[in-house]
Each structure stands twice: as structure tokens, then as C-alpha cells.
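Student:
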Amino acid sequence: QKEVEQNSGPLSVPEGAIASLNCTYSDRGSQSFFWYRQYSGKSPELIMFIYSNGDKEDGRFTAQLNKASQYVSLLIRDSQPSDSATYLCAVKGNYGQNFVFGPGTRLSVLP
Amino acid sequence: DTGVSQNPRHKITKRGQNVTFRCDPISEHNRLYWYRQTLGQGPEFLTYFQNEAQLEKSRLLSDRFSAERPKGSFSTLEIQRTEQGDSAMYLCASSLGGTGVSPLHFGNGTRLTVT
Chain C
1 QKEVEQNSGP LSVPEGAIAS LNCTYSDRGS QSFFWYRQYS GKSPELIMFI
51 YSNGDKEDGR FTAQLNKASQ YVSLLIRDSQ PSDSATYLCA VKGNYGQNFV
101 FGPGTRLSVL P
Chain Z
1 DTGVSQNPRH KITKRGQNVT FRCDPISEHN RLYWYRQTLG QGPEFLTYFQ
51 NEAQLEKSRL LSDRFSAERP KGSFSTLEIQ RTEQGDSAMY LCASSLGGTG
101 VSPLHFGNGT RLTVT
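Heads up: the protein sequence lines correspond to chains C and Z, in order. Here the first sequence is numbered in our numbering, starting from 1 and rising by one per residue. Here the second sequence is numbered in our numbering, starting from 1 and rising by one per residue.
#1: Give the single residue among Z:R31, Z:Q6, Z:K14 and Z:Q80 whose Cα lies nearest to the Cα of L104 of chain Z.
#2: For a quick check, are the C-beta atoms of V109 of chain C and S79 of chain C less than 9 Å apart?
#3: How would you write the range of the beta strand (DSSP E) that V109 of chain C sits in, first residue to last?
#4: Curious, which full-length beta strand (DSSP E) runs of at least 3 residues does the segment 48-73 of chain C contain?
#5: Given a limit of 8 Å on CB to CB distance, which residues of the segment 98-111 of chain Z reach chain C?
#6: Any Cβ of chain C within less than 9 Å of the Cβ of P25 of chain Z?
#7: According to DSSP, simplified to helix, strand and coil, what is Q80 of chain C?
#8: Taking the alpha-carbon positions, what's the T110 of chain Z to N66 of chain C distance?
#9: Among the residues of its own chain, which have a CB less than 7 Å from the CB of L46 of chain C, if the five just before and after it don't count?
#10: Buried or exposed for P111 of chain C, going by 16 or more other Cβ atoms inside 10 Å?
#11: Go ahead and pull the three-state DSSP assignment for W25 of chain Z.
#12: Kindly indicate which three-state DSSP category K71 of chain Z falls into: helix, strand or coil?
#13: Just how far apart, CA to CA, sit V19 of chain Z and Q80 of chain Z?
#14: Using a beta-carbon distance below 9 Å, is G40 of chain Z in contact with chain C?
#15: DSSP puts Y33 of chain Z in a beta bridge; with which residues?
#16: Determine the burial state of K71 of chain Z: buried for a count of at least 16 other Cβ atoms within 10 Å of its Cβ, exposed for fewer.
#17: Counting only C-beta atoms, is P44 of chain C closer than 9 Å to chain Z at any point?
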């Protein structure tokens, strides 16, 4: 069983719409959760992180965490073509300092 | 703060050769990580240092791979007797250890091509 799962996509949304990206994880003791954006050929860059149940907003981005369901999501409001990238979910477990990444979801925002 | 720096950016080598990559973390960060990423996949954990101590190693890190972080500053990742399956992007990341949440900050990566 994969530790962090994401739909590979591609997820296509029209410009201005809300993009919803989902991530599930298997380690119930996971403590903190991260969303990274990766443009083709580039390295991952941090969007935001969350560690408490509920919502956390940062500009057009909202992270949602439900530890009981072992589920974390990222909402992107007013999607722009420049948001087209692969979005990686990463989970830091209860043991050690390793960050486990999902396979990423490819988002395409259509103008 | 110049961010995480990796060298070289690209490396093309022939199968069987040894290669070494360097990573300079953000200066105040005491944790340094190496990941490997292939096309269409997320980064896979290879190893992690806290200061100069190598605290975790993935089973992906075969005996052909070795990493060092002398004096707790820069780190090197060496691959001996490279194989075509080693072709990937090698990512270095650093974080600030201690209490609280400390995310990874990635360098630009070293893309390895084994011919």
C-alpha cells in the first residue's frame, strides 16, 4: 500500500474556476502536511503546510486537513494559467524526520 | 540567504562511471535531505542528515550510493558504477530542525543521464 496517494490527473479546469486537489495518507500518526508546486523541469516549491484539523488559507490557496479520514486537500481559487503545474502532497510521519511525497497531480488551467 | 545550491545542474555519464553531486544548504538549516525523482513520479527519499550525522537511509540507497556531510555544512552524494536506471533528477533539500513545523526547501536539482 502506497503511503501517500494522489490522483495523477491531468485535472483540467477553466481559468477563474476553483481547482480541488486531493491527497490521502496511510500513516495515522502523521503530524504535518505540505503542498508543493512543481513546474516541468523545475524543483518543488512550497505552497503551504497544515498540521491542525480544519482549513488554512493563504491568498488564493486553502489547505484542508481531516486527520480522522486521513485526507488533506488543496483548493486553488480563481485559477490562472500560471497555476498549471504538478502539485505534490508531502506528509511528515510520526517517526523520524522523513517527508513522504505522493506521485503528484498534474493541473492544467485552460484560458 | 541564497537558498539551497546544487552542482552540477546536469551530468551525463557513461554506464559504470562514478559521479558525485554537491549540495550547499541554506546556511542556518541543520537538516539536509537527498531525494531522487523520475519522470511522472514524486520525489523518493534517499537519506537525511542532522548536522553531520546521517540519521536515516532509504532501502533505495544501495551500496553503490553514499552520502556525506562533513562538518555539518555541504553534502555530497556519490554514485559508484552508475547504471542506466540511475538516470533521474537528484534533489537536495534543507530544513531548520527543532520544535515546530519546518518545511523542506529544495535546490534546483542535478539531472543525471547515464548512457
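Glycine included, every Cβ here is placed at the ideal spot set by N, Cα and C. As the structure is a prediction and not an experimental result, all values here were calculated from the model.
Tutor: The short version:
#1: Counted from its first residue, the second sequence places residue 104 of chain Z at position 104. Cα-wise, what sits closest to L104 of chain Z is Z:R31.
#2: Counting from one through the first sequence, the residue named residue 109 of chain C turns up at place 109. Counting from one through the first sequence, the residue named residue 79 of chain C turns up at place 79. In contact: V109 of chain C and S79 of chain C (Cβ atoms closer than 9 Å).
#3: Translated into positions along the first sequence, residue 109 of chain C becomes position 109. Start and end: T105 to L110.
#4: 54-58 and 61-66
#5: V101, P103, L104, H105, F106, G107, N108 and G109
#6: Here the question's residue 25 of chain Z lines up with position 25 in the second sequence. Output row for P25 of chain Z: interface = no.
#7: Translated into the one-based positions of the first sequence, residue 80 of chain C becomes position 80. In this structure, Q80 of chain C counts as coil in the three-state DSSP scheme.
#8: On the second sequence, residue 110 of chain Z is found 110 positions in, with the first residue counted as 1. On the first sequence, residue 66 of chain C is found 66 positions in, with the first residue counted as 1. Cα to Cα, T110 of chain Z sits roughly 36 Å from N66 of chain C.
#9: Counting from one through the first sequence, the residue named residue 46 of chain C turns up at place 46. Once the five neighbours on either side are set aside, the close Cβ partners of L46 of chain C are F34 and Y36.
#10: Sequence index remark: in the first sequence, residue 111 of chain C carries index 111 (1-based). When all chains shown are included, P111 of chain C counts as exposed.
#11: Numbered from 1 along the second sequence, position 25 holds the residue referred to as residue 25 of chain Z. For the sequence presented, residue 25 of chain Z should be read as Pro rather than Trp. Coil.
#12: In the second sequence, residue 71 of chain Z corresponds to position 71, counting from 1. K71 of chain Z falls in the helix class under three-state DSSP.
#13: The sequence position of residue 19 of chain Z within the second sequence is 19, counting from 1. The sequence position of residue 80 of chain Z within the second sequence is 80, counting from 1. In a straight line, the C-alpha of V19 of chain Z is about 7 Å away from that of Q80 of chain Z.
#14: Taking the first residue of the second sequence as position 1, residue 40 of chain Z is located at position 40. Closer than 9 Å to some Cβ of chain C, the Cβ of G40 of chain Z qualifies, so yes.
#15: In the second sequence, counting from the first residue as 1, residue 33 of chain Z sits at position 33. Z:Y48 and Z:A93.
#16: If you number the second sequence from 1, residue 71 of chain Z lands on position 71. With fewer than 16 other Cβ atoms within 10 Å, it is exposed.
#17: Residue 44 of chain C sits at position 44 when you count from the first residue of the first sequence. Taking Cβ atoms only, chain Z reaches closer than 9 Å to P44 of chain C, which makes this a yes.
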